[in-house]
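Numbering-wise, UniProt numbering puts 69 at position 69 of the sequence shown, and it's gapless, one number per residue.
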Amino acid sequence: MAKNVLVCDDAAFMRMMIKDILTKNGYNVAGEAENGAKAVEKYNELHPDLVLMDITMPEMDGIQALKKIKEGDPKAVVIMCSAMGQQAMVVEAIQSGARDFIVKPFQADRVLEAVKKVIG
């Protein structure tokens with residue numbers, strides 16, 4: 001059975017890019033969110049196997065959303081995505097329970113390597 005993934009990024013083209021990489025490799029993109037608040041909402045609705053979460057988003061950033069998701073489901077699996085130069089935020093994300101992080105701009109093999117590492 002294909003693993004379900006929730007893709008959270010405020011940039012539509014980034015969501016499209018990630019979706020493309022995942023679907024071509026047998027994963028199912030169960031939902032998308034354009035901000036942290038929507039990500040929490042969608043997570044609670046869909047209970048995906050994995051969340052790919054951008055750090056910098058409007059309304060609620062990825063780290064706040066990660067904390068909220070982990071509060072409701074301590075077993076939630078989240079990989080953070082960040083642009084270069086956000087190391088401090090990446091450290092906070094890992095301390096808050098993120099399993100891995102991917103740096104933008106994405107390379108398909110790095111995305112897949114991270115996803116396979118955490119959900120197979």
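Just so you know, even glycine gets a beta-carbon here, dropped at the ideal spot from N, CA and C.
Per-residue burial, residue i [other beta carbons within 10 Å of its own, 16 or more giving buried]
{"i": "Glu113", "result": "exposed"}
{"i": "Arg110", "result": "exposed"}
{"i": "Asn44", "result": "exposed"}
{"i": "Val51", "result": "buried"}
{"i": "Gly36", "result": "buried"}
Residue span of the alpha helix (DSSP H) that contains residue i, given as start and end
{"i": "Asp54", "result": "Where Asp54 is concerned, there is no enclosing alpha helix (DSSP H), although the beta strand (DSSP E) it sits in stretches over 50–54."}
{"i": "residue 126", "result": "As displayed, the chain neither begins before 1 nor continues past 120, which places residue 126 out of reach and without an answer."}
{"i": "residue 122", "result": "Residue 122 lies beyond the residue range present for the chain, which begins at 1 and ends at 120; the question has no answer from this structure."}
{"i": "Met89", "result": "87–95"}
{"i": "Val40", "result": "36–46"}
Cβ-based neighbour list, residue i, same chain, cut-off 6 angstroms, excluding 5 preceding and 5 following
{"i": "Pro48", "result": "Asn4, Val5, Leu6, Ala30"}
{"i": "Glu32", "result": "Val7, Arg15"}
{"i": "Asn28", "result": "Ala2, Asn4"}
Nearest residue (CA-CA) to residue i, options the options
{"i": "Ser96", "options": "Ile18, Tyr27, Ile55", "result": "Ile55"}
{"i": "Gly120", "options": "Ala39, Asn25, Gly72, Gln107", "result": "Asn25"}
{"i": "Lys117", "options": "Phe101, Gln107, Lys67", "result": "Phe101"}
Continuous beta strand (DSSP E) stretch holding residue i: start and end
{"i": "Gly31", "result": "28–33"}
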